[in-house]
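Asks: In the order they appear, the protein sequences are chains A and B. Take the working numbering: the last position of the first sequence gets the number 558, and nothing is skipped along the way. Take the working numbering: the last position of the second sequence gets the number 590, and nothing is skipped along the way. Heads up, the beta-carbon is just placed ideally off N, CA and C, and yes, glycines get one too. All values reported here derive from a predicted model rather than from experimental measurement.
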Amino acid sequence: MKKSLIAASIMASLALTSLTAQAETSYLWQDTLDQAKGQTVYFNAWGGADNINDYIQWAADRIKEEYDVTLKQVKLTDTSDAVNRVLAEKAAGKDSNGSIDLIWLNGENFRAMKDNNLLFGPFSQSLPNYVTYVDENSRQSLTQDFGTPVDGMESPWGMAQVIFMYDTATLSSPPKSMAELLNFAKAHPGRITYPEPPQFLGSTFLKQALYELTAYRQALSQPADSVNFDTVTAPLWAYLDKLHKVAWRDGQTFPSSAEEMMRLLDDQEIDVALSFDISAASVQIDQGNLPDTVRSYVFTNGTIGNTHFLAIPYNSSATAGAQVVANFLLSPEAQIKKQTPTIWGDLSVLSYAKLSPAEQAQFNAIPRGIATLSIEELGQTLPEPHSSWVGALETEWRKRYAQ
Amino acid sequence: MPLKHAKWITGIITLLLIFPIVIGLVGTLLPAFAYFPPLGEHTISLAPWRQLFDQGEFYASLKLTLITGIGAPILSLWLALSLLAWGYQRPFFRKIEALLSPILAIPHAAIAIGLLFLLSPSGWLVRLFSPWLTGFDRPPNWITVQDPYGVSLILALVIKEMPYLLYVMLATMKSIKARESLQVGQALGYSRFTLWRKVLIPQLYPIIRLPIFIVIAFSLTVVDLALVIGPNTPSTLAVTLLRWFNDPDLSMRLMASAGAISLMLVIVLVLASWEVAHLLFRQLTRAERSNGKRFGLTDNILRLGVVLGLFTLLNAFVALALLPIWSLARRWRFPDALPSQWTWDNIDRAMPLLMELSRNTLIVAIVATLIACGISLVMLETKRHATTTATALNRPHVFDWLIYVPILLPQIGFLFGLHILLIYLNLNGDLCAIIALHLMYVLPYVYLTLKGPYLAYQEEYLQQANRLNHRPWRNYVLVKIAMLKPALFTAFAIGFSVSIAQYLPTLIAGEGRYSTLTTEAVAQAASGDRKQVGSMALLQAVFPILVFWLALAIPPRWTKWRLALKTLFSKNSKRNQKCSV
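1) Taking just the CA atoms, how far does residue 368 of chain A sit from residue 120 of chain B?
2) What residue does the beta strand (DSSP E) around residue 295 of chain A start on, and which one ends it?
3) Report buried or exposed for residue 532 of chain A, applying the criterion of at least 16 other Cβ atoms within 10 angstroms of its Cβ.
4) Give the C-beta separation of residue 348 of chain B and residue 339 of chain B to the nearest angstrom, bearing in mind that I take them to be a contact with Cβ-Cβ under 8 Å.
5) With residue 465 of chain A and residue 242 of chain A assumed to form a contact (beta carbons below 8 Å), what rounded beta-carbon distance in angstroms separates them?
6) Give every residue of the same chain whose Cβ lies closer than 7 Å to the Cβ of residue 460 of chain B, excluding the five residues on either side of it in the sequence, and list them in chain order.
7) Residue 338 of chain B bridges to which residues according to DSSP?
8) Whole angstroms is fine: what's the gap from residue 311 of chain A's alpha carbon to residue 414 of chain A's?
9) Whose Cβ in chain A lies nearer than 7 Å to the Cβ of residue 343 of chain B?
10) Please compile the residues from chain B whose C-beta is within a distance smaller than 7 Å of the C-beta of residue 341 of chain A.
11) Mind checking whether residue 263 of chain A and residue 472 of chain A have CB atoms under 8 Å apart?
12) On the DSSP bridge list, what partners appear for residue 320 of chain A?
13) Taking Cβ-Cβ distances shorter than 7 Å, what residues in chain A pair up with residue 433 of chain B?
14) Taking 8 Å as the threshold (beta carbon to beta carbon), is residue 309 of chain A in contact with chain B?
15) So, under 8 Å CB-CB, residue 501 of chain B and residue 378 of chain B are touching, yes? Tell me the CB distance rounded to an integer number of Å.
16) Would you decide whether residue 14 of chain B is buried or exposed? Buried here means 16 or more other CB atoms lie within 10 Å of its CB.
17) May I ask you to list the residues that DSSP assigns as paired with residue 197 of chain A?
18) For the segment 159–198 of chain B, list the alpha helix (DSSP H) runs that are entirely contained and at least 4 residues long, ordered along the chain.
19) Where does residue 416 of chain A land, buried or exposed, given buried means 16+ other C-beta within 10 angstroms?
20) How long is the line joining the alpha carbons of residue 397 of chain B and residue 114 of chain B, rounded to whole angstroms?
21) For residue 428 of chain B, return the contacting residues in chain A, with the cut-off set at a CB-CB distance below 7 Å.
22) Check whether the Cβ atoms of residue 451 of chain B and residue 507 of chain B lie closer than 8 Å to each other.
23) In the DSSP assignment, the alpha helix (DSSP H) including residue 398 of chain A goes from what residue to what residue?
24) Can you say whether residue 304 of chain B is buried or exposed, counting buried as having 16 or more other CB atoms within 10 angstroms of its CB?
25) Between residue 235 of chain A and chain B, is the shortest Cβ-Cβ distance under 8 Å, so that the two count as touching?
26) Take residue 446 of chain B and list the residues in its own chain whose beta-carbon comes closer than 6 Å to its own, dropping the five residues that flank it on each side.
27) Which one of B:155, B:108, B:486, B:150 has the shortest CA to CA distance from residue 122 of chain B?
28) Ignoring anything shorter than 4 residues, give me the alpha helix (DSSP H) runs that lie fully in the segment 360–417 of chain B, in order along the chain.
29) Would you kindly work out how many angstroms separate the C-alpha atoms of residue 433 of chain A and residue 391 of chain A, rounded to a whole number?
30) May I ask you to list, following chain order, the residues of the segment 28–46 of chain B that have a beta carbon less than 8 Å from some beta carbon of chain A?
31) Quick one: which chain B residues come within Cβ less than 9 Å of residue 197 of chain A?
32) Under 6 Å Cβ to Cβ from residue 341 of chain B, same chain only, skipping five residues before and after it: list those, please.
33) Considering Cα atoms alone, identify which of A:213, A:460, A:271 is closest to residue 295 of chain A.
34) Assuming contact is defined by CB atoms lying nearer than 8 Å, are residue 8 of chain B and residue 177 of chain B in contact in what I supplied?
35) Nearest-angstrom Cα distance between residue 456 of chain B and residue 471 of chain B?
36) When we look at the beta-carbon of residue 520 of chain A and count the other beta-carbons within 10 Å, is it buried (16 or more) or exposed?
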């Protein structure tokens, strides 16, 4: 009896401490919510896709009505423009009232901002929805952004994986590995290409090829200058030398983006397009930009995937509002909407196990477009190499093929 | 202009112009020598230059830039002169002049995308002849656009520049009394082309020298056109620099700044060589020009130019006509010559945005161009005054070369330095900042377009008016400005369209908080979606085309309308008087 009493009191006091801790977080969060009221958050996000812009507009409307925070999207053509702007502000000594409150980024841009102390934080690990729904152990890319530790300086927003697209009306069995891709190109000259590095999808294609071709996969998780770059990458260049000879426009020019590749696929100039957006094919079919015979697929041995994030510049004048936005975008409501293929189709970063049964049911009920692969069909995700590989591969590529 | 303190006013304007230029230059020069405190670079060194000269891509890009940047102006000038010589005395040429304005007005990115769609292997030309003639069920693997030698880029540049040169030439024709010279020459038995070649072009050239220089600088530094239709392995130097400036590795900025300085030096060298080449050419052809022959074999060069010029114009019109079709297309696949499904959705979707974008675009363009017109008139009046007084014999005011600096400098390197200034002034992201930056780019074009006609103006008209009735300001406006109406309207139209087409200045000064039709269109162009671009280009073209059309339509009808209004007004007032009686 006594024992159980003691046990009970220990339990009670434990419960109390955790309650106080929770109360403290929610108290702090309430503080943030109060501060955020009436703030305007300038959200610098790549603005090249209508469906994504529409989604952000939807989120802005919801956030306005729920938190009285005004979200304004500043549409970028290149995320590094925003990085440069923060840098310019730092150069001018403008350490408060910066023009950017929230940036959509990952990889190189994140590393550049983090290394140059251009970020506010850490903040992400104390966002209520992060605490409740994100499982950091479910994916390496949640804590290692292209090999750079996240350290709470950016909040996850979505996940992407490389997918390939082909037209079933012209092609019965698409090439499902880099080796098959080359053979296909040899049999059908001029029908294969990839975006031009340093466009990020082009660089990703290089990483995918390197991953499949090199004999030293372990080296890819190390910084590129700590390994023998030439030895590791030799098979990649040998492969590209062969591929370019039989590539689209003889490897003299390359498309500029995933969108241009889809246009070329629609024009039947090329046979295989790639994208970092798993629902790209369904969305483009829906908008009349691709024929409804186009389907997505992935390589047999997996394709590269990563996580994209939201970060707050160090000189933002609306850090509270920006955190409210980041938190809202992590909510099951926003993530379910985002994963809906006709809306955007971007993969959720929430842990399925941490969701309530009702929320799980909502996730299960998300319709898939006719050309979107299911999570199982997406198969294995290959990790991004260390972020230093992007620059190293781009430089070498331009040295070899852009002079 | 009866200005009291002309010297002071021009001095202040000049200072206001020098300040941002100096800041912009310093902001580019210091990083080029590795001084860039925000990155922790405090020591001056030549490291960025060494890094730059180690880049193979620098030399490859430079070569391409020289090919396209010199080839395009030469072609543009040749074709524009040929067309002018061929058509100037023909009655229908007035209409061609009106047709030129859409090409001048439509932002170059949209034209480039139209061309891409016309000329690419899956483009409209191939579609027209497929599969019934070519046998192509699928587009051929040809390299017709983005070719490694930049031929398609040169074509796009010529389409943009030839109409500009033609437009400027037409505005100056009256001041060199072309019609009279032609009448006299033809009465003496000279053929039309020979007359132009021997008499008019040598007179015309000095007046349009600076527009030509601007065209050269534009060709050497253009970014958006080169991004769309230029080759990318390697790209032109300006595009390569833009990529370096935007590289996530921020230390690349130092090398990019050094590259920007090199690009400026390249512009100076090319302009200098151009002048030397012109002098040589003039010396070499002097004997031929004065040999008295009424015809010459070299006339054929102008004849060929006419054919090529018309072909280029045709290309441009077809490319432009394709854009609206795209904005109404739902499905349009190879080899269909027309869309298989049509829709209003593309335009519907763009509608709500259009209102906000149009408002921003119009405010910026109108305010910037009006200020530019005002400044140009003040500066030109001082200049005219200075040339007529003996104390300052033809000494060009510092302003004369200063205003070219912004457009001769590569936008990307220069504007970054300026952006820091805007932040210091707390003007970043402000509408005034956008207008100010636009003014820097609009002013030179307005000034240049006005300069020739304004200085060639026969001051006697104004003097006579003042002798008859000494009301200097009234006479200045009612006599001189009224007589210069065509040139003023042309200058306004050109300034307006220059402002509408600005991308980087709007983006950098507005920080994306103010979008214009152009920043939005370029953001859309990056996605490669021709339907969106078609819709945006359509909307974006409306305003400049309207202004250009008005610039042509108003001056000849001005007096008629004014008198009509006056009669209407006096009738009304008479009627009112009657009523009151």
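Replies: Per the coordinate set shown:
1) In the second sequence, residue 120 of chain B corresponds to position 111, counting from 1. In the first sequence, residue 368 of chain A corresponds to position 213, counting from 1. Computed Cα separation, rounded: 42 Å.
2) Within the first sequence, numbered from 1, the residue matching residue 295 of chain A stands at position 140. Counting along the chain, residue 295 of chain A falls outside any beta strand (DSSP E), and DSSP gives it neither H nor E.
3) For the purposes of this step, residue 532 of chain A is taken as the residue at position 377 of the first sequence. Its Cβ having fewer than 16 others within 10 Å, residue 532 of chain A is exposed.
4) Position 339 of the second sequence, counting from 1, holds the residue named residue 348 of chain B. Position 330 of the second sequence, counting from 1, holds the residue named residue 339 of chain B. Contact holds; Cβ gap of about 7 Å.
5) Your numbering for residue 465 of chain A matches position 310 in the first sequence. Your numbering for residue 242 of chain A matches position 87 in the first sequence. Not quite, the Cβ-Cβ distance comes to about 19 Å (not below 8 Å), so this is no contact.
6) Within the second sequence, residue 460 of chain B is the residue found at index 451, counting from 1. 389, listed in sequence order.
7) Looking up residue 338 of chain B in the second sequence gives position 329. Residue 338 of chain B pairs with B:351.
8) Indexing the first sequence from 1 puts residue 311 of chain A at position 156. Indexing the first sequence from 1 puts residue 414 of chain A at position 259. Spanning the two alpha carbons is a distance of roughly 24 Å.
9) Along the second sequence, read from residue 1 onward, the residue named residue 343 of chain B stands at position 334. Neighbours of residue 343 of chain B on chain A, chain order: 422, 423.
10) In the first sequence, the residue the question calls residue 341 of chain A occupies position 186. Within 7 Å Cβ-Cβ: nothing; residue 341 of chain A doesn't reach chain B, min ~14 Å.
11) Working through the first sequence from its first residue, we reach residue 263 of chain A at position 108. Working through the first sequence from its first residue, we reach residue 472 of chain A at position 317. Cβ atoms of residue 263 of chain A and residue 472 of chain A: not closer than 8 Å.
12) For this step, residue 320 of chain A is matched to residue 165 along the first sequence. DSSP lists A:428, A:451 as partners of residue 320 of chain A.
13) Here the question's residue 433 of chain B lines up with position 424 in the second sequence. Result: 247.
14) Taking the first sequence and counting its residues from 1, one reaches residue 309 of chain A at position 154. No, residue 309 of chain A does not count as interfacial toward chain B.
15) Counted from its first residue, the second sequence places residue 501 of chain B at position 492. Counted from its first residue, the second sequence places residue 378 of chain B at position 369. At roughly 6 Å, the Cβ-Cβ gap stays under 8 Å, so residue 501 of chain B and residue 378 of chain B are in contact.
16) Counting from one through the second sequence, the residue named residue 14 of chain B turns up at place 5. Flag for residue 14 of chain B reads exposed.
17) Position 42 of the first sequence holds residue 197 of chain A. For residue 197 of chain A, which the question treats as bridged, DSSP gives the partners A:227.
18) 160–182, 187–196
19) As a working note, residue 416 of chain A is residue 261 in the first sequence. Buried, since its Cβ has 16 or more Cβ neighbours within 10 Å.
20) Taking the first residue of the second sequence as 1, we reach residue 397 of chain B at position 388. Taking the first residue of the second sequence as 1, we reach residue 114 of chain B at position 105. The alpha-carbon atoms of residue 397 of chain B and residue 114 of chain B are separated by roughly 36 Å.
21) Stepping through the second sequence from its first residue, residue 428 of chain B is reached at position 419. The answer, in chain order, is 243.
22) Walking along the second sequence from the start, residue 451 of chain B turns up at place 442. Walking along the second sequence from the start, residue 507 of chain B turns up at place 498. Their beta carbons are under 8 Å apart, which means residue 451 of chain B touches residue 507 of chain B by this criterion.
23) The residue you call residue 398 of chain A lines up with position 243 of the first sequence. First-last of the alpha helix (DSSP H) with residue 398 of chain A: 384–400.
24) Working through the second sequence from its first residue, we reach residue 304 of chain B at position 295. By the neighbour-count rule (16 or more Cβ atoms within 10 Å), residue 304 of chain B is not buried but exposed.
25) Mapped onto the first sequence, residue 235 of chain A falls at position 80. Chain B contact via Cβ: present.
26) In the second sequence, residue 446 of chain B corresponds to position 437, counting from 1. For residue 446 of chain B, where only same-chain residues beyond five positions count, the Cβ hits under 6 Å are 514, 518.
27) Within the second sequence, residue 122 of chain B is the residue found at index 113, counting from 1. Out of B:155, B:108, B:486, B:150, B:155 has the C-alpha closest to the C-alpha of residue 122 of chain B.
28) 407–411, 413–417
29) For the purposes of this step, residue 433 of chain A is identified with residue 278 of the first sequence, where counting begins at 1. For the purposes of this step, residue 391 of chain A is identified with residue 236 of the first sequence, where counting begins at 1. Rounded to the nearest angstrom, the two C-alpha atoms are 25 Å apart.
30) 45, 46
31) The sequence position of residue 197 of chain A within the first sequence is 42, counting from 1. Correct list: 438, 520, 521, 522.
32) Reading the second sequence from its first residue, position 332 is the one you call residue 341 of chain B. Same-chain partners within the cutoff: 348.
33) Along the first sequence, one-based indexing puts residue 295 of chain A at 140. Checked all of A:213, A:460, A:271; the closest Cα to residue 295 of chain A is A:460.
34) With chain B represented from 10 up to 590, any question about residue 8 of chain B goes unanswered, as that position is not in the structure.
35) For the purposes of this step, residue 456 of chain B is taken as the residue at position 447 of the second sequence. For the purposes of this step, residue 471 of chain B is taken as the residue at position 462 of the second sequence. The alpha-carbon atoms of residue 456 of chain B and residue 471 of chain B are separated by roughly 21 Å.
36) Here residue 520 of chain A corresponds to residue number 365 of the first sequence, with the count starting at 1. Result: exposed.
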